[in-house]
Every structure is written in C-alpha cells, then in structure tokens.
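J.: Let me give you the structure first, and then I'll get to my questions.
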DNA sequence: ATCCCTGCAAACGCTTTGCACATGA
DNA sequence: TCATGTGCAAAGCGTTTGCAGGGAT
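Here is the structure:
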C-alpha cells in the first residue's frame with residue numbers, strides 16, 4: 001500500500017481514537033503501519049513475531065489489544081476458516097466488502113464479490129424480522145481437471 | 150431424535166467403518182449415541198464432559214479421534230463462528246444442508262436454506278474454473294425494533 | 001497374533017490475564 | 001496528576017501428541 005494511503009488510514013484511526021477518548025500511543029500507530037504493509041491475511045502471533053523481528057518494542061498484550069481497537073474502528077476485518085483454530089485478520093480500509101474462496105490444495109485465497117449475497121441477506125431480514133450486521137462466507141474449493149475421477 | 154433414527158445412523162456408520170477398514174469399537178458407537186441425542190451445536194470438550202458425567206469411559210483423545218471419523222463419514226458437520234476459537238459440531242444425517250444466523254444478543258442460532266447460495270457457488274466455479282466442495286455462511290444479526298436508534 | 005484404537009497425561013499454540021511501571025491527556 | 005496503556009510472564013483453554021496397554025479383526 002502506498003505511503004499516502006497509510007497516512008490516510010492513520011488519520012482515520014487518529015480521529016477514531018479521539019472520538020472514543022482512547023490514547024494515541026506510538027505502539028498503536030506502529031501496528032497500523034505494519035498491518036497496512038501486509039497484503040495477505042495474518043494472525044496476531046505472526047504480526048507480533050514480525051514486529052519483534054523488525055525490532056519494534058511491542059508486547060503481545062499490546063498487539064492483541066490494538067487488534068481489538070482496530071476491529072472496532074473497522075480498519076481491519078476478522079476471519080475464521082478451514083481447520084484453523086486461530087483468528088486471521090486483514091486490512092479493510094480502501095477495500096470493498098468481499099468474500100473468500102479457500103483453495104484446499106494450495107492454501108491460496110481468492111477474493112470475490114457477489115451482489116446476490118445481499119439479496120439473501122435482505123430476504124432473511126424480512127423473514128425473521130432481524131437486522132443482519134455482518135456475514136461471513138467461505139467457499140472451499142479445489143482446482144478442476146485434476147483428472148482423478 | 151427417535152430411537153430408530155439413531156439405529157439408522159449407526160448402521161450407516163457401521164457400513165462406513167467397514168468400507169474404510171476402521172474398527173468398530175464400542176466407544177465410537179457410544180459417541181454417536183450421545184451426539185445424536187444432542188439438538189444444538191456442541192464442541193469436543195463439552196461432549197467429553199457430558200460423557201464423563203454420564204459415566205461413559207472415554208478419553209479426550211477418543212472423542213477427538215471419533216469426531217474426525219464422523220466428519221469423514223459426513224455424519225456430523227463442523228462449524229466456526231463468532232469470536233469463538235473453538236470448533237463446533239452438529240449432527241448432519243437426516244438434516245438437509247443449511248446455513249446459520251447467529252443472534253448476537255441472545256446467542257440463539259437460526260437455521261435457514263436459500264437456493265441462491267448454490268447459484269453463487271455455480272458462478273464462482275465457472276469464473277475461476279474450480280470445484281467448490283463446501284461452503285460456510287453465517288449471518289450475524291440483532292433483533293429489530295430495539296428502538297435504540 | 002496383529003496392529004489399530006484407547007486412556008492418560010503432558011505438550012502445544014493461540015489468547016487472555018495480573019501486576020507493576022510508563023506515559024498520554 | 002492519574003487513569004489508561006504497556007511489557008512481561010504466567011495462566012487459560014481447546015486441541016494434539018506420545019506412549020504403553022487393550023481389544024477388534
């Protein structure tokens with residue numbers, strides 16, 4: 001992600017922290033910096049390790065805490081998929097909502113958008129009289145033409 | 150679930166074990182018995198605790214192992230949702246495929262079926278030239294009319 | 001008689017917590 | 001100043017593993 005985009009994200013984050021009366025600590029901004037330099041999905045441990053490696057002085061507690069704050073600020077999204085017990089995150093600012101296809105053989109993750117998911121959501125809201133705040137959708141797939149059938 | 154249905158499930162399981170040349174141990178059938186007497190979603194720990202409570206002599210290792218076998222036999226389904234790090238299961242024989250709405254306030258889980266998910270799946274298979282084996286879809290919702298806005 | 005399956009306990013990996021210190025407001 | 005945020009280490013919790021003994025085939 002290019003530098004002025006990261007600045008934009010930090011600005012949004014800064015405003016969020018102000019509104020919530022949370023403190024603007026250097027650790028929090030350092031973590032945003034790191035996260036927004038990552039393309040793929042990552043988990044808390046991995047992020048912590050990466051920051052240690054790069055000689056940031058952060059603790060696991062702070063990483064976990066900041067991830068929660070960023071989630072609340074909607075600057076990251078949370079994921080659960082496959083057999084993993086762990087939670088993955090991805091940056092979400094500048095991205096449009098999307099869902100994922102998990103390639104079971106390679107582990108590759110494909111993003112996609114399909115408007116029909118919104119129509120299903122709408123139907124469910126009407127049927128059950130509820131308000132759907134979010135959804136998670138994963139397809140688990142294999143490459144075609146493996147010629148084993 | 151009524152007794153003859155459980156018998157039917159055990160029969161299917163028995164056949165599966167034969168085909169795979171897995172052993173028909175009493176523990177495995179005891180676990181099926183338990184699982185098919187549970188309505189809701191459950192996790193491995195909880196199932197283990199429940200069996201202990203009822204004086205079955207099973208170990209955690211066996212519970213986890215059997216859950217994997219039952220998954221392979223498609224007699225249960227696996228779930229991941231919300232903030233839970235843990236894996237939930239539900240019996241799946243006699244049930245048709247369905248997805249879930251998680252009520253965020255009460256924890257209630259609503260099941261639903263919508264054929265449009267299949268059409269989305271089809272589209273993705275065509276676009277990416279893949280074969281989708283399974284999917285997971287959760288909606289996270291709140292009751293309407295809470296009048297707090 | 002095999003060797004798969006089981007029980008038990010210890011190890012694992014990710015996350016959370018407790019506490020003392022540091023620091024943003 | 002002082003409550004919030006941080007670092008560190010230990011604890012928590014669901015799951016997995018290693019190993020010795022047991023039971024299905």
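Chains as they are written, first to last, in the working numbering: chain G, 1 to 149; chain P, 150 to 298. No residue lacks a Cβ here, since even glycine has one placed at the ideal position from N, Cα and C. Keep in mind the model is a prediction, meaning the values are calculated, not measured.
List the endpoints of the continuous beta strand (DSSP E) containing residue 137 of chain G.
T.: Your numbering for residue 137 of chain G matches position 137 in the first chain. Segment 130–143, the beta strand (DSSP E) holding residue 137 of chain G.
J.: Out of G:131, G:95, G:98 and G:58, which has the shortest C-alpha to C-alpha gap to residue 254 of chain P?
T.: Taking the second chain and counting its residues from 1, the one referred to as residue 254 of chain P is at position 105. Among G:131, G:95, G:98 and G:58, the Cα nearest to that of residue 254 of chain P belongs to G:131.
J.: Measure the beta-carbon distance from residue 33 of chain G to residue 76 of chain G and round it to whole angstroms, keeping in mind my assumption that it falls under 8 Å.
T.: By 1-based counting over the first chain, the position of residue 33 of chain G is 33. By 1-based counting over the first chain, the position of residue 76 of chain G is 76. No, residue 33 of chain G and residue 76 of chain G are not in contact; Cβ-Cβ is about 13 Å, not under 8 Å.
J.: Name the chain P residues that come within less than 7 Å of residue 44 of chain G, Cβ to Cβ?
T.: Reading the first chain from its first residue, position 44 is the one you call residue 44 of chain G. Per Cβ cutoff of 7 Å: no residues; residue 44 of chain G is ~11 Å from chain P at best.
J.: Looking only at its chain, what residues have a beta carbon closer than 8 Å to the beta carbon of residue 263 of chain P, apart from the 5 residues adjacent to it on each side?
T.: The residue given as residue 263 of chain P occupies position 114 in the second chain. Excluding sequence neighbours, residue 263 of chain P sits near 248.
J.: What residue range does the beta strand (DSSP E) around residue 239 of chain P cover?
T.: The count along the second chain starts at 1 and reaches residue 239 of chain P at position 90. 237–240 is the span of the beta strand (DSSP E), which, as asked, contains residue 239 of chain P.
J.: Which of helix, strand or coil does DSSP assign to residue 29 of chain G?
T.: Position 29 of the first chain, counted from the first residue, corresponds to residue 29 of chain G. Helix, per DSSP.
J.: Can you confirm whether the segment 231–239 of chain P touches the segment 197–204 of chain P when touching is taken to mean that 3 or more C-beta pairs between the two stretches lie within less than 8 Å?
T.: Touching, no, given that fewer than three Cβ pairs across the two stretches are closer than 8 Å.
J.: Taking residue 134 of chain G as the query, report the chain P residues whose CB atoms sit under 7 Å from its CB, ordered along the chain.
T.: For the purposes of this step, residue 134 of chain G is identified with residue 134 of the first chain, where counting begins at 1. Simply 289.
J.: Can you confirm whether the segment 272–290 of chain P touches the segment 204–214 of chain P when touching is taken to mean that 3 or more C-beta pairs between the two stretches lie within less than 8 Å?
T.: No, the segment 204–214 of chain P is not in contact with the segment 272–290 of chain P.
J.: Any idea which residues DSSP pairs residue 261 of chain P with across the strands?
T.: By 1-based counting over the second chain, the position of residue 261 of chain P is 112. P:248.
J.: I need the DSSP call for residue 78 of chain G, collapsed to helix, strand or coil.
T.: What you label residue 78 of chain G is simply residue 78 of the first chain in a count that begins at 1. Here residue 78 of chain G sits in strand by DSSP.
J.: With which residues is residue 5 of chain G paired in a DSSP beta bridge?
T.: As a working mapping, residue 5 of chain G is identified with position 5 in the first chain. DSSP lists no partner for residue 5 of chain G.
J.: With a CB to CB cut of under 8 Å and the five nearest residues on each side skipped, what residues in its chain are close to residue 291 of chain P?
T.: Stepping through the second chain from its first residue, residue 291 of chain P is reached at position 142. Excluding residues within five positions, the ones whose Cβ falls inside 8 Å are 252, 253 and 254.
J.: Which of the three DSSP states is assigned to residue 243 of chain P in this structure?
T.: As a position in the second chain, residue 243 of chain P is number 94, starting the count at 1. Residue state, collapsed to three classes: coil.
J.: Report the rounded CA-to-CA distance for residue 150 of chain P versus residue 186 of chain P, giving the unit in angstroms.
T.: Locating residue 150 of chain P in the second chain gives position 1, counting from the first residue. Locating residue 186 of chain P in the second chain gives position 37, counting from the first residue. Cα-Cα distance, rounded: 6 Å.
J.: Just mark residue 215 of chain P as buried or exposed, buried being the case when its beta carbon has 16 or more other beta carbons within 10 Å.
T.: By one-based count along the second chain, residue 215 of chain P stands at place 66. Answer is buried; the Cβ neighbour count reaches 16.
J.: Leaving out five residues before and five after residue 9 of chain G in sequence, what residues of the same chain have Cβ atoms less than 7 Å from its Cβ?
T.: Numbered from its first residue, the first chain carries residue 9 of chain G at position 9. If we look at residue 9 of chain G and ignore the five residues flanking it on each side, its Cβ neighbours are 32, 36, 75 and 93.
J.: Label residue 28 of chain G either buried or exposed according to how many other C-beta atoms from any shown protein chain fall within 10 Å of its C-beta, with 16 as the threshold for buried.
T.: On the first chain, position 28 is the one that residue 28 of chain G refers to. Label assigned to residue 28 of chain G: buried.
J.: Can you tell which of G:22, G:41, G:62 and G:4 has its C-alpha closest to the C-alpha of residue 84 of chain G?
T.: Position 84 of the first chain, counted from the first residue, corresponds to residue 84 of chain G. It is G:41.
J.: Can you tell me the Cα-Cα spacing of residue 79 of chain G and residue 45 of chain G, whole angstroms?
T.: Residue numbering aside, residue 79 of chain G sits at position 79 when the first chain is read from its first letter. Residue numbering aside, residue 45 of chain G sits at position 45 when the first chain is read from its first letter. Cα to Cα, the separation comes out at about 15 Å.
J.: For residue 171 of chain P, does the three-state DSSP call read helix, strand or coil?
T.: As a working note, residue 171 of chain P is residue 22 in the second chain. Three-state DSSP puts residue 171 of chain P in coil, outside helix and strand.
J.: Alpha carbons only, please: which of G:108, G:101 and G:121 is nearest the one belonging to residue 271 of chain P?
T.: The sequence position of residue 271 of chain P within the second chain is 122, counting from 1. It is G:101 whose Cα lies nearest to the Cα of residue 271 of chain P.
J.: Listed in chain order, which residues of the segment 258–275 of chain P have Cβ atoms closer than 9 Å to some Cβ of chain G?
T.: Under the 9 Å Cβ criterion, the segment 258–275 of chain P contributes 259, 261, 263, 265, 266, 268, 269, 270, 272, 273 and 274.
J.: For residue 211 of chain P and residue 282 of chain P, I'd like the C-alpha separation in whole angstroms.
T.: Position 62 of the second chain, counting from 1, holds the residue named residue 211 of chain P. Position 133 of the second chain, counting from 1, holds the residue named residue 282 of chain P. Their Cα atoms are separated by approximately 27 Å.
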